[in-house]
Structure formats: C-alpha cells, structure tokens
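Q: If you scroll down you'll find the structure; I have some questions about it.
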Amino acid sequence: MGAQAALIGGTAFIALESLSALCPGCEVWAKAEHLNPSGTGKDRIALAMLAAAEAEGSLPYGGGGVVVEGSSGSTAIALAPLALAAGHRVVAVLPDDVSDEKVAELRAFPNVDARLARASSISSPTHYANEARRIARDLRAAGERAVCTDQFENDANWRAHHDGTAREIWDETRGRFSAFVASAGTGGTIAGASHFFKARDPGIKVYLADPQGSSLFSRVRYGVCYATQQRERVVRRHRYDTIVDGVGLDRVTANFSRAIIDDALTVSDADALVMAHYLLRFEGLFLGSSSALNCLAAVRVANRIRETTTRRVRVVTILCDSGHRYFSRFWNRDFVERRGLAWPPDDAAALREASLETAFFFATPDLHHFTGRAESRAPLGQPHHMIAPAVFFLVVVVLEFVM
Ligand SMILES: Cc1ncc(COP(=O)(O)O)c(C=O)c1O
C-alpha cells in the first residue's frame, strides 16, 4: 500500500514533564500517535483492516474494490491514501457535526466520495455507521467488490493496537508503569492495549477516560450504558453534548466489549479545553480534544494512585491527533464561547492555577463525591449512605428496651 504504509507505527514515546507539576511525585508519559503519517493512530487500524479485507478476499488484490467506512473523520482520512495506493475507491460516511477540516481533507483525495449523514443515534438507520453498511450492501448488489470495513466491529482494529501500539509501549517502558489511560471512540485502542498489558502484568490498571455525554462511564462503573442527559428525556447522540471529537459512545461495540477496564472517569469539555491550552503553553504541543481529555484523565489517575503508594507513579496515555483538524471547533474561540464555555486564560500563572483546579477530581462532573469504587458508588447523602447509621440507631433503641 505504498510508502505511506511503511511510515505507520513506531511513534515517539515522550514524558510530559509539565504534567508532573499537576501530580507531584508522578510521571505522565504519552505515545505520540499524532505522529503517524495521516496524523492519528487510525493509520494502524486502516492498514490492518485493508490487509485483512484483501487477505479474506472481500477486496481484490491489485485494486478495483470499494472500501466503505462510517467514520467521525480520522479513520476515513487514514484509509484514503492507503486505499488509493492499493487501487481502491473509498466511500466515507461522516456525521454532519464533524469539523469542516476533516471533510475538506477527505475531499482532497481523488479516490474518495465523502458523504454526510445527519448526526443521530445508533438506533437510527441513518446513523453514519448504519448508512455505511447499507451503502456497501447496495454496492455489492450492483456487482461491485465492496466491503464495509466497520472499524467499530472489526477485530483487526483492536488487534492492530494489541500488536502495535501496546507492544511498542511495553518495549519502551519495559513494562514499568502503574496505569494506562485512554478514551474510546471504537474501543480498539483500549481493548488492544488492556489485553496486551494485563496478560503480562495484571497489576497494571486500565482506566477509561470518557467525555461528557458518553454512556461508557456508566457502563464501566455500573454495567449499564447511560448518560445523565438521558435522565432529562432528551435522548440525544452524545456528540451534541461534547465538543470533544471522535471519542465517547452510546453503545458497546465489539471492540469496546473486549477491553479489560478497572475504572472510568469523566472529563468535562471545560476541563479538556483547559488541559489543551496547558499542553500548548507549557509543552508547545498543539493537540486535538481527545488528546487533552486523555492527558487530564492521566493526571487525575496519577493523583489518585499517589494516595495509595509511596512508590513513584508512572501513568501512560495516548496523544490521538493534533489540533490542526479542529480550527473550526475545539480550537475556535467563537465556537467554544457560543457553546457557553470559557476560553482558557493566556496568562501562564492563571492557566497553571486553572489546571491545578481540574487535576484532582476523580468523578463524573455531577457526582463529585465519588472517592473510590468500593466505598462510594453514589454521591454522599444518597440512600445507601444512610443505611449504616439507621441500623446502628435501631440496635441502640432495641437494646434500650431489652436491658
Ligand atoms: C480523534 C480521536 N481520538 C481518539 C479516538 C479513540 O480511538 P479508538 O477508536 O481506538 O477508541 C478516536 C477514534 O475514534 C478519534 O477519532
């Protein structure tokens, strides 16, 4: 699939030293997946899915096939050059709320037909993933060699991260780290990495970093896919509720179901924004929203583990993509302020202070009282916190009568 394929993987693994100021005594390290040739770790899965489709015969070797993918942008952008070099066309179906930059980039490829589907729930036939499956079926019925690569359900996805991303991190750290933190868009990264790490050291903890509005936090904590937005009977697709692109889900995909996760935490849009500006100010890293979300979650996890050990804590996370694809959304002051969010301060001291304020929550934003998995699974003041005092009171009353 051309020289592009040869550039995939082997990304830098870097220490984010400025983050140690937010979690004293801890180190946060990051796999710089934005350095892959198309700018994301999706290069790894695009290559793996195309190779698998050619190997199983659903795409013809030597070109002439059609690859159909439902994508929030990055996977389609990763597929396009590889498919082009291999002689295949691409039909990319994107939700209509993705950043304009992603659509423009896709439309620059001569082999790509980029279509927008109205952003909707996965239960709708017009959801971009369902639309992609339908288009592939129609193309096959019309006699084309078409395949829907379906990153959400495709096993080649988590395997690419297992054999690539995770193996590289393992070699780079020699297995010496306390925890791995990642968000999930398809779940491929966290599934592949958690399998790889847990098989070698079950003591390594794996944490899901979830954006606001996604149902996965509840899935990990309580076994049920749920987002608080649903409580208000305004069941909306999570993307309406977050400005963080590409991560968060309202369902359990085949890839996500393979992940072995110890715990989850939610990061609000406001806090992800502050972290993105912090990383730019103190590391010179211009990153996308999901990278910022991962880094803040990694800091919070490090602070939490720090409470339980005197040993040096090292947490590993992923830099998913750069800020260049988000000039019209996450890195656009007008857009951010129209969404009711404050643009983070330019001043270094103010930015450091704002970041410190966000570094210690380990909770979903509306459940700030979470302190841990076992001891507190509901906000303080909820009924289960009243059970022990009530039993104690009853025992005292009964004893009074008996004695
Ligand atoms: C920008 C961005 N970051 C992170 C991810 C998460 O990766 P994964 O699909 O492996 O869960 C995605 C994927 O959908 C993405 O588009």
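Residues -21 to -1, 1 to 382 in mature numbering (1 follows the signal peptide of the UniProt record, and there is no 0) are what the sequence shown lists, from first letter to last.
Ideal Cβ positions, reconstructed from N, Cα and C, are used throughout, including at glycine.
(1) Candidates Leu29, Glu316 and Ser157: which alpha carbon is nearest Thr55's?
(2) Quick check on Glu33: buried or exposed, where buried means 16 or more other Cβ atoms within 10 Å of its Cβ?
(3) Helix, strand or coil for Ser173, going by three-state DSSP, please let me know.
(4) Where are the alpha helix (DSSP H) runs, 4 residues long or more, that stay fully inside the segment 112 to 155, in chain order?
(5) Whole-angstrom Cβ separation of Leu14 and Thr(-11), contact assumed at under 8 Å?
(6) List the residues that DSSP assigns as beta-bridge partners of Leu298.
(7) Are Arg116 and Cys127 touching if we call contact CB-CB under 9 Å?
(8) How about Leu(-3) and Cys274: are their beta carbons less than 9 Å apart?
(9) Are there any heavy atoms of ligand 1 lying less than 8 Å away from the beta-carbon of Thr168, as far as the coordinates show?
(10) On the criterion of 16 or more Cβ atoms from any shown chain inside 10 Å, does Trp310 qualify as buried, or is it exposed?
(11) Taking contact to mean 3 or more Cβ pairs, one atom from each stretch, closer than 8 Å, check whether the segment 142 to 151 and the segment 102 to 115 are in contact.
(12) Any heavy atom of ligand 1 inside 8 Å of the beta-carbon of His174?
(13) To test your reading of the DSSP string, which unbroken beta strand (DSSP E) runs of 3 or more residues are found completely within the segment 42 to 103?
(14) From Val185 to Val199, what does the alpha carbon distance come to, in whole angstroms?
(15) Would you say the beta carbon of Gly267 is closer than 8 Å to some non-hydrogen atom of ligand 1?
(16) Could you round the C-beta distance between Pro74 and Ala59 to whole angstroms and report it? I think they count as a contact, below 8 Å.
(17) Label Tyr107 either buried or exposed according to how many other C-beta atoms from any shown protein chain fall within 10 Å of its C-beta, with 16 as the threshold for buried.
(18) With a threshold of 6 Å on Cβ separation, who are the neighbours of Cys2 within its own chain once the five nearest residues in sequence on each side are excluded?
(19) Give, in chain order, every unbroken run of the beta strand (DSSP E) that is at least 3 residues long and sits entirely within the segment 201 to 283.
(20) With distances taken Cα to Cα, identify the nearest neighbour of Ile222 among Gly202, Ala251, Pro323 and Asp241.
(21) Considering just the uninterrupted stretch of the beta strand (DSSP E) at Ala327, what are its terminal residues?
(22) Let me check you understand the geometry: is the CB of Cys5 closer than 8 Å to at least one non-hydrogen atom of ligand 1?
(23) For Asp326, count neighbouring C-beta atoms within 10 Å of its own C-beta (all shown protein chains included) and say buried if the count is 16 or more, exposed if not.
(24) What separation, rounded to the nearest whole angstrom, lies between the Cα atoms of Ser247 and Ser194?
(25) Of the choices Gly4, Lys177, Val253 and Gly164, whose alpha-carbon is the least far from that of Asn284?
(26) Would you identify the three-state DSSP class for Ala(-7), choosing helix, strand or coil?
(27) Would you check if the distance between the CB atom of Asp22 and the CB atom of Leu61 is smaller than 9 Å?
(28) How would you call Pro89, buried or exposed, if buried means at least 16 neighbouring beta carbons within 10 angstroms?
(29) Classify Arg312 as buried or exposed, calling it buried when 16 or more other Cβ atoms lie within 10 Å of its own Cβ.
(30) May I ask you to list the residues that DSSP assigns as paired with Ala161?
(31) Taking a contact to mean a Cβ-Cβ separation below 9 Å, would you say Ser270 touches Pro190 in this structure?
(32) Hey, could you find the ends of the alpha helix (DSSP H) Ala(-1) is sitting in?
(33) Would you say the beta carbon of Ser17 is closer than 8 Å to some non-hydrogen atom of ligand 1?
(34) Helix, strand or coil for Arg198 per DSSP?
(35) Once you ignore the five residues that flank Arg94 on each side, which residues in its own chain have a CB closer than 6 Å to its CB?
(36) Taking just the CA atoms, how far does Arg68 sit from Glu35?
A: Well, looking at it:
(1) The sequence shown places Ala at residue 55, not Thr. When each option's Cα is compared against that of Ala55, the closest is Leu29.
(2) buried
(3) helix
(4) 134 to 139 and 146 to 152
(5) 5 Å
(6) Ala11
(7) yes
(8) yes
(9) yes
(10) buried
(11) no
(12) no
(13) 45 to 49, 68 to 74 and 91 to 96
(14) 11 Å
(15) yes
(16) Wrong, their Cβ atoms sit about 18 Å apart, outside the cutoff.
(17) buried
(18) Val278, Ala281 and Asn282
(19) 242 to 246
(20) Ala251
(21) From DSSP, Ala327 is part of no beta strand (DSSP E) but of the alpha helix (DSSP H) over Ala327 to Thr337.
(22) no
(23) exposed
(24) 14 Å
(25) A small correction: the amino acid at residue 284 is Ile; Asn does not occupy that position in the sequence shown. For Ile284, the nearest C-alpha among the options comes from Gly4.
(26) strand
(27) yes
(28) exposed
(29) exposed
(30) Leu187
(31) no
(32) Segment: none, Ala(-1) is in no alpha helix (DSSP H) and carries neither H nor E.
(33) no
(34) helix
(35) Val72
(36) 18 Å
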